[in-house]
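FYI, the numbering for the sequence shown is 279 to 700, going by this note's numbering. Ideal placement from N, C-alpha and C gives every residue a C-beta, glycine not left out. This report refers to the structure that appears directly beneath it.
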Amino acid sequence: MKFGKKSICILNVGGTKYAFPRDVIKDFPLRRVSRLHSCASEKEVLEVCDDYDRERNEFFFDRHSEAFGFIMLYVKYGKLRFVPQMCELSFYNEMIYWGLESSHLEFCCQRRLDDRMSDTYTYFSEEDTKVEDDLRGEDVPENSAGTGSAKWLERMRRTFEEPTSSIAAQILASVSVIFVIVSMVLLCASTLPDWKTAENNSVEEHSRVIEAVCIGWFTAECIVRFIVSKDKCEFVRRPLNIIDLLAITPYYVSVLMTVLTGENSQLQRAGVTLRVLRMMRIFWVIKLARHFLGLQTLGLTLKRCYREMVMLLVFICVAMAIFGALAQLLEHGLDLEMGNEDYASIPAACWWVIISMTTVGYGDMYPITTPGRVLGGLCVVSGIVLLALPITFIYHSFVQCYHELKFRSARCTRSLSAEFLN
279 MKFGKKSICI LNVGGTKYAF PRDVIKDFPL RRVSRLHSCA SEKEVLEVCD
329 DYDRERNEFF FDRHSEAFGF IMLYVKYGKL RFVPQMCELS FYNEMIYWGL
379 ESSHLEFCCQ RRLDDRMSDT YTYFSEEDTK VEDDLRGEDV PENSAGTGSA
429 KWLERMRRTF EEPTSSIAAQ ILASVSVIFV IVSMVLLCAS TLPDWKTAEN
479 NSVEEHSRVI EAVCIGWFTA ECIVRFIVSK DKCEFVRRPL NIIDLLAITP
529 YYVSVLMTVL TGENSQLQRA GVTLRVLRMM RIFWVIKLAR HFLGLQTLGL
579 TLKRCYREMV MLLVFICVAM AIFGALAQLL EHGLDLEMGN EDYASIPAAC
629 WWVIISMTTV GYGDMYPITT PGRVLGGLCV VSGIVLLALP ITFIYHSFVQ
679 CYHELKFRSA RCTRSLSAEF LN
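Shown next as structure tokens:
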């Protein structure tokens, strides 16, 4: 800052004043404020703020004072939450003005923002987007070597965790998807009858090499993501990371057993345990949820609609108990000698109930008596009604989750791609 003689800078935001030393302004966490230090004239200052008092070295910003107070709490304590009784979209607009992103919000507030944007189908204007991109494109002064290292770790974390954040992240996600597809094709091909006849030639050796390369990629990806993660405990508790671990572990267990037992691969595949471990590689398909919005929407919907899912299972279980007992009585219990042997027990009848209620109808079991057929018709009709009741709630939750993730992905693509390119 090459103007103003006072060593104290005053920020006047909507009538509320904050005093800071010049050195603090230089390294201020809010990008709009830190830009004041690089201004060489009052003309450049007025491009950042709305007014400037040279005598008092006071910078005036015509913004929401209460919102800025909560933003200052984030600067002081590192936690950013919404202002009570204030529109989430208005507060987010204030965040964009000062140079913050939705990722700075606490997780609960991020969900509130995404829900609000999803409900109102709100897109920010081109002017707000330009302001955000301009702030992000400005040169931020380097505080220290630690700050540069933190930025590098954050960029690495976004590259591995958010496939739409940058071009490098998209390339990395594409490579990961290719490895998943190759691994799945190899797993499916290994169960073909013709595959076993080719195990004595070089095909088996090539398949082992490909499998080792895929496992090596998944292992390296998991290790890097763990290293660059902010919260290691939270990283371990995430469901997708647990699935990654379950998909990778069987390979190393089988290799360890090979080293310890010295048995060849054909003898090892004869063991039930190793066959189960080998088949657990099917969990790699769930890794695609990191890169496809549809699978993420399905997972988020199941997470938020667990009460409706439990209610649906309760409806099915109650109907199975009632119709299963009645079907066993009408088809077998009234005439033990000439009764339908397919309904010899209530558990056997429950299979017929669940197939009928879901309108699948394999035809492997069906009633032969007139009362049994009447009961079967009631079972089918009640199944349609009972299954349709919770579906409406699940459908609306699915649509809301889809729009929420779509907004989040679009915002991430717009902001983080610009940051990566800059």
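The straight-line gap separating the alpha-carbon atoms of Gly377 and Lys304 is approximately 15 Å. The beta carbon of Thr637 sits closer than 8 Å to the beta carbons of Val658, Gly661 and Ile662 from its chain, once the five residues preceding and following it are set aside; these are given in chain order. Between the alpha carbons of Leu367 and Leu431 lies a gap of roughly 29 Å.
Taking all protein chains in view, the Cβ of Ala490 is surrounded by fewer than 16 other Cβ atoms within 10 Å, so the residue is classified as exposed.
Selection Leu383, Ala345 and Lys357 evaluated against Gln363 yields Ala345 as nearest (Cα-Cα).
Looking only at Leu358, Ile632, Leu383 and Val291, the smallest Cα-Cα distance to Ala605 is reached by Ile632.
Under the three-state reduction of DSSP output, Cys492 falls in the helix class. In the structure shown, the three-state DSSP call for Pro625 is helix.
Shortest Cα-Cα distance from Lys429 to any of Ala525, Ser507 and Leu566 involves Ser507.
Note that the segment 669-679 touches the segment 575-588; at least 3 beta-carbon pairs, one per stretch, sit closer than 8 Å. Each residue's CA atom was taken as its position, placing Arg341 and Glu372 some 8 Å apart. Our two residues, Leu578 and Tyr680, have alpha carbons roughly 9 Å apart in a direct line.
The three-state reading of DSSP puts Ile662 in helix, counting H, G and I together. Among the bridge pairs identified by DSSP, Thr294 is matched with Val291. Taking the Cβ atoms as the reference, Cys317 lies roughly 5 Å from Val323, within the contact range of under 8 Å.
Boundaries of the beta strand (DSSP E) harbouring Glu336: Glu336 to Phe339, taken from the DSSP string.
Looking at His315, Thr536 and Tyr640, the one whose alpha-carbon comes closest to that of Asn335 is His315. Under the three-state reduction of DSSP, Pro649 is assigned to helix. Secondary structure of Leu464 (DSSP, three-state): helix. Of Lys565, Val652 and Val302, the smallest CA-CA separation from Phe457 is found for Lys565. Secondary structure at Pro299: strand, using DSSP grouped into helix, strand and coil. Leu524 places its beta carbon 7 Å or farther from that of Phe570. A Cβ-Cβ distance of about 5 Å is found for the pair Gly654 and Pro645, placing them in contact under the 8 Å criterion.
Distances from the alpha-carbon of Ile286 to those of Val531, Leu538, Asp331 and Cys492 put Asp331 closest.
Using a Cβ distance threshold of 7 Å, Phe593 and Leu664 count as a contacting pair. The segment 461-471 and the segment 435-443 do not touch, with fewer than 3 CB-CB distances between them shorter than 8 Å. For Tyr370, the enclosing alpha helix (DSSP H) stretches over residues Glu366 to Trp376.
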